[in-house]
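Colleague:
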Amino acid sequence: MLAVPVFGCILSLASCPQSQSTAGAAQAPAAEANRKLLDEVSQRLLAVTAGPEGMVWPPAFEIRPDEDKLNAWAGCAEAAGDKAAAKVVVTQGILEKVVQSDPDRLAFILGHELAHVVLRHVLQAAENTPFMEQVFSREQELVADRKGAELALAAGYSFRKGIEAIRRLMEVGGEYSSFEGLSADHPAWKDRLTLLDKEQASLWETMSAFDNGVVFLAVEQYAAAERCFRQVAKEFPACPEAWANLGYALLMQYCDALDPDDLRRFDVGHLVCGGFYRRPESLEAKVRGIDEELWWDAVGALRESLRLKPSQALVESNLGIAYLVRPAGRDMGQAAKYLDEAVAAATDEARLDPLARAAVLINASVADFAGGQTERCAARLTKAQEQGQLGFAGERPGAPSTMKVSGALLYNRSLVMSQSKDKLQQTEGLDALERYLGQGEVASAWWTLGYERYLLLCKEQGRPSKTKEQLAENTRVVLRPLTSVRLDDKETVALAELRADVASRLGPEKVIPMARGTSLVRLRYEQRGVDLIAGERVLALCVQSPAVAVLLRAAGLGTLKETELRVGMGKDQLDALLTDQDYDFRQLTDPEVNYRFYRDLGLAVRVRDGKVEELVVVQIPQRHLPGSG
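In the working numbering, each residue carries its 1-based index in the sequence shown increased by 625.
Structure follows, in structure tokens:
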């Protein structure tokens, strides 16, 4: 019996169909033109392609009348005897929105799918764990890209014009980073272009690093983000977004190290941090306590971004935050200057969404309150509330971005109202603070300060106070997803890093091949106590020594402590530390070996004989998706 997988989905956002029949309705003129183009291009490709043994040749080429799906795939089904009959299918949507009557683009797409047939990917049985299936699928996509480009060139088509198909797919179909691609069956588009487009490989690799950095900022893994944006700024020093995001990553590491005593000394309200740029338009854990050098590095990077591109709202807002928490004490003049400029710039900066505008206004209001301008502070908080409501409508309830804004609004409104001479306002201020404590990030330094203020206001107003446990009973500690492992004070390795870059830093390694015909290997660094599973990029970080800790930290700025997970710790201790975290059982490379997989953390834990035997930072697909490519 022949295996019959489906391969070659050009755009992974589109699902592979269960029915592949061509509609029998009369085709419109545009559809007829597409059919003619498909016939012409496929015949030229077949003329330079040798069919694989054991398969009916040539394969059929079909158009599926799906206008909304941008998709192409190669499939295989049993035919008479022992031979399988392959077919290559493209959707009407990809022909109309991506190919756009360009034969070179279509040759690139069809060549890729034909390569899956020639390379016999459509006949290969699935690997035996979802993790390995995804790894093999990504490997096969890269191989099919190269083989498909060779076929298109041999048939006389332009490679340079052909890869415009990828650019067009990125424009109309979406894209994701190398890190996000670890849980998908397709590599990121920019990774594919890095390997294909050698003339601009440096650009595509840098763009990929930028995308990874954005993801790391979003999950609050600031050290990993710093490495990405340093790479971008080094390769393209004239990119203002790179300097902006590098400055933000450094500033957040500085702020992460601030404890309640530091914030008490700065005497500022609740800041909203989340201001970084998600697209590089010009291209296309510390010890707690104040780190003055880190602060200066952050300010320097942010200033460089403004020098390259003046009037960036998020950069100016982050500089304002920096001067509110300056190591030598807050600088109200500089903070107010930058935050006022940020508010003005946010009005005209089209790429900012409502929640980003709300954050800029909230941060400016914090400076107003610290400077004694209570009325101006209240007015800006009102405007921030209006922007926040617009943003909340587009987010799911409880989303981190909405919780940050709503929490800061409650905290800062409480500060303003509690200073009023009106007793009703004072009561409403205390109510707002209690709501903040009931929904806020308990591990945050601001929560600690808020609770101190809450006790004081309860005493002043003669209201019975609640305990910390009572206020926090409906909250859940949200931990930051894991993206990297810190090996020592100087070296950190992240998922999705290029294997060659990691190897150049970590020293002697033992290379253990994992699968014939692929680049998949296990890299053993015995002196460092870790193994890496890698292809072109790092796919998994396997900690097997108690000398290396996997560090967990609660989400939110200024969270108070890191939690260490180590090999050798007891199962009961593991359960106590991860009591709020859900897990199910998954397998990595061996279908017989189960790991607890904490999906929200990106952490697989192997437990044996009541102890932790291995900790793996990894992205494992939730389920096997039929069809890949």
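Ideal placement from N, C-alpha and C gives every residue a C-beta, glycine not left out.
What's the call for valine 1237, buried or exposed, on a 16-neighbour Cβ count within 10 Å?
Modeller: Counting from one through the sequence shown, the residue named residue 1237 turns up at place 612. By the neighbour-count rule (16 or more Cβ atoms within 10 Å), valine 1237 is buried.
Colleague: Would you list the one or two residues that DSSP bridges to lysine 722?
Modeller: Along the sequence shown, one-based indexing puts residue 722 at 97. DSSP output for lysine 722 lists no bridge partner at all.
Colleague: For phenylalanine 1210, count neighbouring Cβ atoms within 10 angstroms of its own Cβ and tell me buried if that reaches 16, exposed if not.
Modeller: Along the sequence shown, read from residue 1 onward, the residue named residue 1210 stands at position 585. Phenylalanine 1210 comes out exposed.
Colleague: Report all residues from its chain with a CB closer than 6 Å to the CB of alanine 960; omit the five preceding and five following residues, and keep chain order.
Modeller: Taking the sequence shown and counting its residues from 1, one reaches residue 960 at position 335. Gly945, Tyr948, Leu949 and Ala992.
Colleague: In three-state DSSP terms, what is threonine 1007?
Modeller: In the sequence shown, residue 1007 corresponds to position 382, counting from 1. Threonine 1007 falls in the helix class under three-state DSSP.
Colleague: Going by other Cβ atoms of all chains shown within 10 Å of its Cβ, with 16 needed for buried, is proline 1171 buried or exposed?
Modeller: Here residue 1171 refers to the residue found at position 546 when the sequence shown is read from its first residue. Burial call: exposed.
Colleague: Can you give me the C-alpha to C-alpha distance between valine 1297 and arginine 730, rounded to a whole angstrom?
Modeller: In the structure as shown, the chain starts at 626 and stops at 1254, and residue 1297 therefore has no counterpart that could be examined.
Colleague: Quick one, which of Ala849, Leu1040, Ser1090 and Glu929 has its alpha-carbon nearest alanine 1121's?
Modeller: Numbered from its first residue, the sequence shown carries residue 1121 at position 496. Comparing C-alpha distances from alanine 1121 to each of Ala849, Leu1040, Ser1090 and Glu929 shows the shortest one belongs to Ala849.
Colleague: Can you name, in chain order, every residue of its own chain whose Cβ lies under 6 Å from the Cβ of glycine 1065, other than the five neighbours on each side?
Modeller: Counting from one through the sequence shown, the residue named residue 1065 turns up at place 440. Here the set comprises Gly1032 and Trp1072.
Colleague: Please report how far the alpha carbon of valine 1232 lies from the alpha carbon of serine 1069, in whole angstroms.
Modeller: Indexing the sequence shown from 1 puts residue 1232 at position 607. Indexing the sequence shown from 1 puts residue 1069 at position 444. The straight-line gap separating the alpha-carbon atoms of valine 1232 and serine 1069 is approximately 31 Å.
Colleague: Closest to proline 690 by C-alpha separation, out of Ala711, Glu1085, Ala655 and Ala710, would be which residue?
Modeller: Along the sequence shown, read from residue 1 onward, the residue named residue 690 stands at position 65. Per the Cα distances, Ala655.
Colleague: Classify aspartate 1207 as buried or exposed, calling it buried when 16 or more other Cβ atoms lie within 10 Å of its own Cβ.
Modeller: Here residue 1207 is taken as the residue at index 582 of the sequence shown, counted from 1. Aspartate 1207 is exposed by the Cβ-count criterion.
Colleague: Alpha carbons only, please: which of Ala699, Ser783, Lys694 and Asp881 is nearest the one belonging to proline 683?
Modeller: By one-based count along the sequence shown, residue 683 stands at place 58. Cα-wise, what sits closest to proline 683 is Ala699.
Colleague: Applying the 10 Å Cβ sphere with the 16-neighbour rule, what's the burial state of valine 797?
Modeller: As a position in the sequence shown, residue 797 is number 172, starting the count at 1. Counting Cβ neighbours within 10 Å, valine 797 comes out exposed, since fewer than 16 surround it.
Colleague: Pull up the distance between the alpha-carbon of aspartate 1234 and that of valine 1243, whole angstroms please.
Modeller: For the purposes of this step, residue 1234 is taken as residue 609 along the sequence shown, with counting starting at 1. For the purposes of this step, residue 1243 is taken as residue 618 along the sequence shown, with counting starting at 1. Straight-line Cα distance between these residues: approximately 23 Å.
Colleague: Do you know offhand how far aspartate 922's Cα is from glycine 872's?
Modeller: Stepping through the sequence shown from its first residue, residue 922 is reached at position 297. Stepping through the sequence shown from its first residue, residue 872 is reached at position 247. Going by the C-alpha atoms only, they are around 7 Å apart.
Colleague: Which of the three DSSP states, helix, strand or coil, is assigned to phenylalanine 1222?
Modeller: Position 597 of the sequence shown holds residue 1222. Strand.
Colleague: Among the candidates Ile1158, Arg1124 and Asp1126, whose CA atom is the shortest distance from the CA of alanine 1140?
Modeller: Working through the sequence shown from its first residue, we reach residue 1140 at position 515. Ranking Ile1158, Arg1124 and Asp1126 by Cα distance to alanine 1140 puts Ile1158 first.
Colleague: Roughly how many angstroms separate the alpha carbons of leucine 1199 and arginine 1221, rounded to a whole number?
Modeller: Indexing the sequence shown from 1 puts residue 1199 at position 574. Indexing the sequence shown from 1 puts residue 1221 at position 596. Our two residues, leucine 1199 and arginine 1221, have alpha carbons roughly 11 Å apart in a direct line.
Colleague: What does the Cβ neighbour count give for threonine 716, buried or exposed, with the cut at 16 atoms within 10 Å?
Modeller: For the purposes of this step, residue 716 is identified with residue 91 of the sequence shown, where counting begins at 1. It is buried - the Cβ of threonine 716 has at least 16 other Cβ atoms within 10 Å.
Colleague: In the DSSP assignment, the beta strand (DSSP E) including tyrosine 1150 goes from what residue to what residue?
Modeller: As a position in the sequence shown, residue 1150 is number 525, starting the count at 1. 1146-1150 is the extent of the beta strand (DSSP E) around tyrosine 1150.
Colleague: For glutamate 1189, does the three-state DSSP call read helix, strand or coil?
Modeller: Here residue 1189 refers to the residue found at position 564 when the sequence shown is read from its first residue. Three-state DSSP puts glutamate 1189 in a strand.
Colleague: Would you decide whether threonine 1092 is buried or exposed? Buried here means 16 or more other CB atoms lie within 10 Å of its CB.
Modeller: Numbered from 1 along the sequence shown, position 467 holds the residue referred to as residue 1092. Classification of threonine 1092: exposed, given that the 10 Å Cβ count is below 16.
Colleague: Measure the CB-CB distance between alanine 882 and aspartate 916 and report whether it falls below 8 Å.
Modeller: Start at 1 with the first residue of the sequence shown, and residue 882 comes out as number 257. Start at 1 with the first residue of the sequence shown, and residue 916 comes out as number 291. Yes.
Colleague: Below 8 Å on the Cβ atoms is my guess for arginine 1105 versus alanine 1180; work out the distance and round it to an integer in Å.
Modeller: Counted from its first residue, the sequence shown places residue 1105 at position 480. Counted from its first residue, the sequence shown places residue 1180 at position 555. Taking 8 Å as the upper bound for CB-CB distance, arginine 1105 and alanine 1180 are in contact here, some 5 Å apart.
Colleague: Grab me the residues of arginine 1005's own chain with a C-beta within less than 8 Å of its C-beta, minus the 5 sequence neighbours each way, in chain order.
Modeller: By 1-based counting over the sequence shown, the position of residue 1005 is 380. Once the five neighbours on either side are set aside, the close Cβ partners of arginine 1005 are Val968, Leu986, Ile987, Ala989, Ser990 and Asp993.
Colleague: Report the option in Leu1213, Glu1077, Pro979 and Val1175 whose CA atom is closest to the CA atom of leucine 1202.
Modeller: On the sequence shown, position 577 is the one that residue 1202 refers to. Leucine 1202 has its Cα closest to that of Val1175, out of Leu1213, Glu1077, Pro979 and Val1175.
Colleague: When burial is assigned at 16 or more other CB atoms within 10 Å of the CB, is isoleucine 1137 buried or exposed?
Modeller: Taking the first residue of the sequence shown as position 1, residue 1137 is located at position 512. So isoleucine 1137 ends up on the exposed side.
Colleague: Using the Cα positions of proline 1133 and phenylalanine 861, report the straight-line distance between them to the nearest angstrom.
Modeller: Position 508 of the sequence shown, counting from 1, holds the residue named residue 1133. Position 236 of the sequence shown, counting from 1, holds the residue named residue 861. Looking at the two C-alpha atoms, the distance is approximately 31 Å.
Colleague: Run through DSSP, which three-state label would isoleucine 788 get?
Modeller: Here residue 788 corresponds to residue number 163 of the sequence shown, with the count starting at 1. Isoleucine 788 falls in the coil class under three-state DSSP.
Colleague: Just the Cα atoms here: how many angstroms apart are proline 1246 and glutamate 758?
Modeller: Residue numbering aside, residue 1246 sits at position 621 when the sequence shown is read from its first letter. Residue numbering aside, residue 758 sits at position 133 when the sequence shown is read from its first letter. Straight-line Cα distance between these residues: approximately 9 Å.
Colleague: What is the rounded straight-line gap between the Cα of asparagine 696 and the Cα of glutamate 1161?
Modeller: Position 71 of the sequence shown, counted from the start, is the residue given in the question as residue 696. Position 536 of the sequence shown, counted from the start, is the residue given in the question as residue 1161. Answer to the nearest angstrom: the Cα atoms are 25 Å apart.
Colleague: Would you mind stating whether serine 667 and leucine 735 have Cβ atoms separated by less than 8 Å?
Modeller: On the sequence shown, residue 667 is found 42 positions in, with the first residue counted as 1. On the sequence shown, residue 735 is found 110 positions in, with the first residue counted as 1. The answer is yes: Cβ separation under 8 Å.
Colleague: Hey, does alanine 961 have any beta-carbon neighbour from chain B nearer than 8 Å?
Modeller: Given the protein chain composition of this structure (a single chain), no chain B is represented.
Colleague: Here's a check: name, in chain order, each residue in its chain whose Cβ is nearer than 6 Å to the Cβ of serine 936, leaving out the five neighbours to either side.
Modeller: Along the sequence shown, read from residue 1 onward, the residue named residue 936 stands at position 311. Taken in chain order, the residues that qualify are Ala970.
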